[in-house]
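Numbering (UniProt numbering), first residue to last: 1 to 86.
The beta-carbon is built from N, C-alpha and C at its ideal position, and this holds for glycine as well.
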Amino acid sequence: MSWTIERPPGRPVRRTDDNRLAVPLRLSLTDGHAADTELTLTLAEAEHLHAALCRALDGEPSPPAAPECRQSVQASPGAAHIVGRA
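So this is what it looks like as structure tokens:
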């Protein structure tokens, strides 16, 4: 049995009443069972995830449908390393 995690179509990231960000996710088993849930992040956690994704994507060409906010990371990996939480 294995799991698949994906973003469900048509469900955008949203801000919650307690000023967190909720990222909709769909968890699916290979047997066809699926459940929708959300990954809830503080603003600091969302910033750390954003930075980590930018570093991981650095050097890769943006696909045509990518949002305009994606740009190359200018810092070296040593300087861009995030330690702890904000």
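Local conformation of residue i per DSSP, three classes
| i | result |
| --- | --- |
| E45 | helix |
| A66 | coil |
| R7 | coil |
Residue i - partner residues in DSSP beta bridges
| i | result |
| --- | --- |
| V23 | L39 |
Neighbourhood of residue i by C-beta distance below 7 Å, restricted to the same chain and skipping five residues each side
| i | result |
| --- | --- |
| T30 | M1, S2 |
| T4 | S28 |
8 Å Cβ shell around residue i - same chain, five flanking residues per side excluded
| i | result |
| --- | --- |
| L25 | I5, E6, R7, P8, D36, T37, E38, L39 |
| H81 | Confidence at H81 is low in this model, with a pLDDT of 46, below 50, so its placement is unreliable and no value can be given for it. |
Nearest-angstrom beta carbon gap, residue j and residue i [assumed within contact, 8 Å]
| i | j | result |
| --- | --- | --- |
| L41 | L21 | 5 Å |
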